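Residue numbers 22 to 352, in my numbering, belong to the letters of the sequence shown in order.
Quick reminder that beta carbons are idealized off the backbone N, C-alpha and C, glycines included.
Predicted model, so just to flag it, every value in this text is computed and none were measured.
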Amino acid sequence: MNIHALSDDEILKEYFVCNEYKSKVEKYQYCIMNGFKKYLNSQGKTFRDFDMKDVRDYYRMKQGNDEWKSPRSVNTFIVIAKSFCKWMDKRINVVMIGKRGEDLDVLRTEKSRMDDIKDMRMPRMPQRITTVPPVTLPELKKIFTAMIRNKTDSKNYAFKRMWLLCYFGCRVDEIASITPNMVYLDENKLKFMTEKTEVERIVFYDDFTKLIFEEYIENNKLINIVPQAWWHCVKQYGNVLGKKVNTKLGRQAFNTNMDHLDFVYFEGDMKKHEVLDNNFAKVISGHSIPGLKDITAVYRMYSFALIKAAMIEHHYLISLEEDLKKLLVLK
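Written out as structure tokens, the structure is:
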């Protein structure tokens, strides 16, 4: 198919059809490339005539925009733009077949533009420093209590969902896509698969959290819950802490409080002392770690006995459970 005969929207559609990305990846990439398309159109350009300067200018504009999701998302744009140009280059190769004279010269110029973008380095820009404020146990207790006492939420959905997010530090879409074969109720064990970091990991939970799981699964309230439902359940509690409260608070709380835990546990008959390193919470919660490409290898550094002890016997939320049990009615 001749890309020169296609509109920008048709080119994007063709790009995603050919690459066969997973649905979530496609939506993410489409959002980024559609934004770039709109920028090009505002500059009087299209996907058929943009160049490296346009990519750099868009990058710089987004890097200076506080509403852009994160510096990492800005850098991801460069990665996606390069991938897009590699695909465009292959399509131009197809169009070049049989061309001669001026037509061939035009196509060679287009290939040169694609090569410039494919080989470009990340533009040097001062990085915005994003600080993640620590989430303390008193703050969590305050918001959990408010959720439980909310009379309009008789089933305590907001509390239960936020508790799971804080307990595992996982992403909303990971919880929302749990299926029955991923939950081992008899072993207090749960299997997560993070598409972003491609790590399959086993986590454990205590009996208090198990009750929440059982109730959700039996009533089909956990399986296939859309992420928007999780967000809706927690966004109204921002005034409780006087700060923005969203589903990422669970990840922030997990990473804040699980780092550097110091405890003794048993591995078989052997008594061991452990101080968790900086990577433990990130790996267990499915984060990507700068400079570490093989996250699976990092995960396997920790034995199941260590993960189980950290997640069940020494989890940071355990100290809140007794007080919450007095407020919460679990079957």
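Counted within 10 angstroms of its Cβ, other Cβ atoms place Ile-150 as buried (16 or more) or exposed: Only weak support exists for where Ile-150 lies, its pLDDT of 44 falling under 50; the value from the coordinates is given anyway. Here Ile-150 is exposed, its C-beta having fewer than 16 other C-beta atoms within 10 Å.
So what does DSSP say about Ile-71, is it helix, strand or coil? At residue 71 the sequence reads Phe, which differs from the Ile that was named. DSSP places Phe-71 outside both helix and strand once states are collapsed to three, so it counts as coil.
Do Leu-206 and Glu-235 come within 9 angstroms of each other at the CB atom, strictly closer than that value? A contact, by the Cβ cut-off of 9 angstroms.
Just to confirm the assignment, what range does the beta strand (DSSP E) spanning Met-291 have? Where Met-291 is concerned, the enclosing beta strand (DSSP E) stretches over 291–296.
Given 8 angstroms, three or more beta-carbon pairs between the stretch 269–286 and the stretch 177–195: Using a Cβ-Cβ distance cut-off of 8 angstroms, the stretch 269–286 and the stretch 177–195 are in contact, since at least three pairs of beta carbons, one from each stretch, lie closer than that value.
Let me check understanding here. Comparing Cα to Cα, which of Phe-325, Lys-292 and Glu-288 lies closest to Phe-301? Nearest C-alpha to Phe-301: Phe-325.
Flag this pair as yes or no: are the beta carbons of Val-224 and Met-73 separated by less than 9 angstroms? Between Val-224 and Met-73, the C-beta spacing is not below 9 angstroms.
Measure from the alpha carbon of Ala-330 to the alpha carbon of each residue in Gln-64, Glu-343, Val-285 and Phe-229, then state which is nearest. Distances from the CA of Ala-330 to each of Gln-64, Glu-343, Val-285 and Phe-229 were compared; the closest alpha carbon is that of Val-285.
Going by C-alpha distance, which of Lys-132, Lys-293 and Lys-107 is nearest Cys-39? Cα-wise, what sits closest to Cys-39 is Lys-107.
Do Ala-102 and Met-54 count as a contact pair if the criterion is CB distance below 9 angstroms? In contact: Met-54 and Ala-102 (Cβ atoms closer than 9 angstroms).
Rounded C-alpha distance that separates Val-204 from Tyr-258: If you draw a straight line from the Cα of Val-204 to the Cα of Tyr-258, it is about 29 angstroms long.
Which one or two residues does DSSP pair with Ile-223 in a beta bridge? Per DSSP, the beta-bridge partners of Ile-223 are Lys-212.
Can you round the beta-carbon distance between Ile-164 and Leu-262 to whole angstroms, since I take them to be within the 8 angstroms contact cut? Taking a contact as a CB-CB distance under 8 angstroms, the pair Ile-164 and Leu-262 counts as one, their CB atoms being some 6 angstroms apart.
Exposed or buried, Lys-90, counting other C-beta atoms within 10 Å across all chains shown (16 or more means buried)? In this prediction, Lys-90 has a pLDDT of 48, which is less than 50 and means its spatial position is unreliable; what the coordinates show is noted afterwards. Classification for Lys-90: exposed.
Is Tyr-337 helix, strand or coil when you go by DSSP? Here Tyr-337 carries a coil assignment [DSSP, helix/strand/coil].
Within the same chain, show all residues whose beta-carbon is closer than 6 angstroms to that of Lys-162, passing over the 5 residues directly before and after it, in chain order. For Lys-162, the CB contacts under 6 angstroms within the same chain, skipping 5 residues up- and downstream, are Leu-341 in chain order.
May I have the straight-line CA-CA distance separating Lys-172 from Lys-347, to the nearest angstrom? Taken atom to atom, the span from the alpha-carbon of Lys-172 to that of Lys-347 is near 16 angstroms.
What are the boundary residues of the alpha helix (DSSP H) that Val-258 is part of? In the sequence as displayed, the identity of residue 258 is Tyr instead of Val. It is not in any alpha helix (DSSP H) - Tyr-258 carries neither H nor E in the DSSP assignment.
When the Cα atoms are used, what is the spatial distance from Tyr-178 to Lys-231? Their Cα atoms are separated by approximately 15 angstroms.
Rounded distance between the beta-carbons of Asp-110 and Met-135, thought under 8 angstroms: Yes, Met-135 and Asp-110 are in contact; Cβ-Cβ is about 4 angstroms, under 8 angstroms.
Cβ distance (whole Å) where Tyr-337 is taken to contact Asn-278 below 8 angstroms: Between Tyr-337 and Asn-278 the beta-carbon gap is near 4 angstroms, inside 8 angstroms, which marks them as a contact.
Helix or strand or just coil, what does DSSP make of Asp-280? Asp-280 sits in coil when the DSSP states are folded into three classes, being neither helix nor strand.
CB-CB under 7 angstroms to Leu-297, same chain, minus the five flanking residues each way: which ones, in chain order? The residues are Met-279, Asp-280, His-281, Leu-282 and Ala-331.
From the DSSP output, which residues share a beta bridge with Glu-288? DSSP output for Glu-288 lists Met-291 as bridge partner(s).
Assigned exposure category for Val-46 - 16 Cβ within 10 Å defines buried: Burial call: exposed.
Report the residue from Val-304, Ile-233, Tyr-80 and Tyr-323 whose alpha carbon sits nearest the alpha carbon of Lys-176. Here the closest residue by C-alpha is Ile-233.
Beta-carbon gap between Gln-84 and Asp-75 smaller than 9 angstroms: Gln-84 is not a Cβ neighbour of Asp-75, given a cutoff of 9 angstroms.
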